[in-house]
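Participant: Position 217 of the sequence shown, counted from 1, bears residue number 217 in the UniProt record's numbering, the numbering being contiguous throughout. Don't be surprised by glycine CBs; every beta carbon is placed ideally from N, CA and C.
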Amino acid sequence: MDPVERLYLDALMEEPAVPAHSLRPQLLAGARARRRPAAATASWAAPYAGRVAAMDALLATAGDDDWARVVVEGWTLQELVAHLAAKDGLLAASVGAPVLGPPLQALDSMGRTGDVQAYERARSPEQTRRDWRAQADALCRHLAGLPETALATLDGLEVPVRDHVLGRGLETWIHTDDAARAAGVRLPDPIPEHIRPTADLCARLLPWTMLLAGLDGSGRTLRLTLTGAGGGEWLLPLGVEETTPGEPDAHLTADVRAFCFLLGGRGDPATFPATVTGDRALAADLLRTAPTLSGP
1 MDPVERLYLD ALMEEPAVPA HSLRPQLLAG ARARRRPAAA TASWAAPYAG RVAAMDALLA
61 TAGDDDWARV VVEGWTLQEL VAHLAAKDGL LAASVGAPVL GPPLQALDSM GRTGDVQAYE
121 RARSPEQTRR DWRAQADALC RHLAGLPETA LATLDGLEVP VRDHVLGRGL ETWIHTDDAA
181 RAAGVRLPDP IPEHIRPTAD LCARLLPWTM LLAGLDGSGR TLRLTLTGAG GGEWLLPLGV
241 EETTPGEPDA HLTADVRAFC FLLGGRGDPA TFPATVTGDR ALAADLLRTA PTLSGP
């Protein structure tokens, strides 16, 4: 079995108890029966590839009612999968990987999403699933030959491709969770080795989410402690041009999964469960602005 698919099956098997309404047994059986390998990719892209495998395993269990159910943003599951394919395709275009689906016209996420959703509505949900997976696999294969520091642009943001791919992994994780919740099932989280780099991206985004929300954190420093599997501790200068942290002005402690989901637009910053010492107003500003970069 391909190592990327193996990672997902290992994650499924890490949970010792099967919760009520869990699809873990069906997912395991389906994945083993299909033996559908995930595309080999660079090690730094494994968090994304793992979430693609997780979403594909969930979609393998979907029936007609599941595909027609509204999941998030007013989108059905089929439209949600088309959205993921659209954004994966835009990143693929930026790095020179194949772009599948309708001809590439709109170069922004929502424009491309509209084009791909319109294209996929005329097709069966299984065709949409295959298109999305083929796009993700094409991107993964191409990433295997790229350095993680290569620059890529998505929605006007030019950063190292590794950060865009971690962002795609986070969005796929969140939307897989959206789909599972809509179906009333529970899936395991990514393995800790995949959560840690995702959490690192979210931590490094905090100065930018503040700035884009109209707050300049220059001269301030945050100590961030994220608990749980894949968590860790960061000392973050909050100015986007700053690289050397000072003495921390605030110390914020939170669950790593909840923190990643907050950056991804899930959760209420006003009621976010966190322990804060030091400058509480600064911590409140950080939490309030954390979802600034999140989108549908």
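Verify whether the separation of the beta carbon atoms of T289 and M210 is less than 8 Å.
Facilitator: Position 289 of the sequence shown holds residue 289. Position 210 of the sequence shown holds residue 210. Yes, the Cβ-Cβ distance between T289 and M210 is below 8 Å.
Participant: Among D66, W234, L91, which residue has its Cα nearest to the Cα of T244?
Facilitator: The count along the sequence shown starts at 1 and reaches residue 244 at position 244. Among D66, W234, L91, the Cα nearest to that of T244 is on W234.
Participant: Would you list the residues sitting across from A254 in a DSSP beta bridge?
Facilitator: By 1-based counting over the sequence shown, the position of residue 254 is 254. DSSP, once it has assigned bridges, lists L226 as partnering A254.
Participant: Which runs of the beta strand (DSSP E) spanning at least 3 residues fall entirely within the segment 107–189, listed in chain order?
Facilitator: Runs found: 151–154, 157–160.
Participant: What are the boundary residues of the beta strand (DSSP E) that P237 is part of?
Facilitator: Position 237 of the sequence shown, counted from the first residue, corresponds to residue 237. Counting along the chain, the beta strand (DSSP E) containing P237 begins and ends at 232–237.
Participant: Quick check on the DSSP output: what are the complete alpha helix (DSSP H) runs of length 4 or more inside the segment 45–116, in order along the chain?
Facilitator: Listed in chain order, the complete alpha helix (DSSP H) runs (minimum 4 residues) inside the segment 45–116 are 46–59, 64–68, 77–95.
Participant: Take P207 and list the residues in its own chain whose beta-carbon comes closer than 8 Å to its own, dropping the five residues that flank it on each side.
Facilitator: By 1-based counting over the sequence shown, the position of residue 207 is 207. Around P207: G217, L236, P237, L238, G239, V240, E242.
Participant: At what residues does the alpha helix (DSSP H) containing T209 begin and finish?
Facilitator: The residue you call residue 209 lines up with position 209 of the sequence shown. Residues 192–212.
Participant: Checking 8 Å against the spacing of the C-beta atoms, do F261 and I174 come in under that value?
Facilitator: Position 261 of the sequence shown, counting from 1, holds the residue named residue 261. Position 174 of the sequence shown, counting from 1, holds the residue named residue 174. Yes, they are a contact pair.
Participant: Are the segment 65–85 and the segment 120–131 in contact at 8 Å, needing three or more beta carbon pairs?
Facilitator: Taking 8 Å as the limit for Cβ pairs, the verdict is that the segment 120–131 does touch the segment 65–85.
Participant: Tell me whether T243 sits in a helix, a strand or coil according to DSSP, three-state version.
Facilitator: Sequence index remark: in the sequence shown, residue 243 carries index 243 (1-based). Three-state result, T243: coil.
Participant: Which term fits R204, buried or exposed, when burial requires 16 or more other beta carbons within 10 angstroms of its beta carbon?
Facilitator: Along the sequence shown, one-based indexing puts residue 204 at 204. So R204 counts as exposed.
Participant: Is there contact between the segment 131–149 and the segment 60–75, where contact requires at least three CB pairs shorter than 8 Å?
Facilitator: With the cut-off at 8 Å, the segment 131–149 and the segment 60–75 do not touch.
Participant: What is the DSSP secondary structure of T292, counted as helix, strand or coil?
Facilitator: Working through the sequence shown from its first residue, we reach residue 292 at position 292. In the structure shown, T292 sits in a helix (DSSP, three-state: H, G or I).
Participant: Evaluate the contact criterion for the segment 161–169 versus the segment 87–100: three or more CB pairs, one atom per stretch, below 8 Å.
Facilitator: Yes, the segment 161–169 touches the segment 87–100.
Participant: What are the start and end residues of the beta strand (DSSP E) that includes T275?
Facilitator: Counting from 1 along the sequence shown, the entry for residue 275 is found at position 275. Residues 275–278.
Participant: Taking contact to mean at least 3 C-beta pairs separated by less than 8 Å, is the segment 248–261 in contact with the segment 183–202?
Facilitator: Yes: at least three Cβ pairs fall under 8 Å.
Participant: Run through DSSP, which three-state label would T221 get?
Facilitator: For the purposes of this step, residue 221 is taken as the residue at position 221 of the sequence shown. Of the three classes helix, strand and coil, the one that applies to T221 here is strand, per DSSP.
Participant: Can you tell me whether A270 is buried or exposed, with buried defined as 16 or more other CB within 10 angstroms of its CB?
Facilitator: Residue mapping note: residue 270 aligns to position 270 of the sequence shown, counting from 1. A270 is exposed by the Cβ-count criterion.
Participant: For the candidate residues D65, G156, A46, whose alpha-carbon lies nearest to that of D137?
Facilitator: By one-based count along the sequence shown, residue 137 stands at place 137. Comparing Cα positions, the closest option is A46.
Participant: Assuming L100 contacts L187 (C-beta within less than 8 Å), just tell me the rounded distance between them.
Facilitator: For this step, residue 100 is matched to residue 100 along the sequence shown. For this step, residue 187 is matched to residue 187 along the sequence shown. Actually they do not touch by this definition, with Cβ atoms about 26 Å apart.
Participant: Assign A42 to one of three DSSP states: helix, strand, or coil.
Facilitator: Against the sequence shown, residue 42 aligns to sequence position 42. It is coil, neither helix nor strand.
Participant: If you reduce the DSSP assignment to three classes, tell me which class F259 lands in.
Facilitator: Mapped onto the sequence shown, residue 259 falls at position 259. Helix.
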